[in-house]
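Take 1 as the starting number for the sequence shown in the UniProt record's numbering and just add one per residue.
No residue lacks a Cβ here, since even glycine has one placed at the ideal position from N, Cα and C.
One structure below.
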Amino acid sequence: MSMVVLDKLHNQKGAALIEFAIILPLLMLLVIGVVEFGFAFYHLDILNKSVQDGARYFADPKQARNGVIDDAIDVTGSNQDNVDATTNLIIYGSTDASTDSLLPNVANYTPVPSITTDATYTDHIFVTASYDHQLILGGLLSNLTNGTVPATMTLTASTAMRVE
């Protein structure tokens with residue numbers, strides 16, 4: 001090899017550092033995005049499972065029909081204690097509110113999980129819960145983008161179950 005080619009090869013010092021500095025923000029954005037998606041998916045899975053557990057609990061005739069098999073499904077009024085127990089089961093994983101919530105920050109359940117019926121499907125209950133998932137960098141991204149990127153993401157889970 002000639003001396004000119006060897007000199008050009010040795011003059012590449014520091015090029016890797018500049019390339020790394022250019023690619024680092026993109027790499028960090030990718031890593032943060034993967035972590036954020038993982039947390040959101042994890043919280044959505046917890047929300048789905050807790051809504052299913054709440055529906056399974058309330059589908060028992062003792063809960064939905066207030067203990068009388070021939071009665072209609074009651075989601076209000078005289079059956080409010082069972083509705084509250086089901087709501088606690090969805091939020092806390094227990095029928096009483098004495099434990100920590102399954103997801104961080106109980107105030108993020110907006111609105112409170114609901115149990116409804118339908119005139120068409122009179123022997124079914126529908127349970128729905130929404131949770132505002134706080135993004136890891138949500139506040140920072142919201143401030144940097146002047147509010148165009150929200151600081152929270154709403155996760156919603158719903159299920160239907162037949163009451164025996």
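CB Gly93 to CB Ser158, shorter than 8 Å? no
Threshold first: 4 residues or longer. Then list the alpha helix (DSSP H) segments lying entirely within the region 23-107, N to C. 61-64 and 80-92
So for Ala151, helix, strand or coil by DSSP? coil
Where Asp45 and Gly38 are concerned, what is the direct C-alpha to C-alpha distance, given to the nearest angstrom? 11 Å
Evaluate the contact criterion for the region 73-82 versus the region 114-134: three or more CB pairs, one atom per stretch, below 8 Å. yes
Spatially closest choice to Lys62 from Asn82, Gln52, Ala55 and Gly54, by CA coordinates: Asn82
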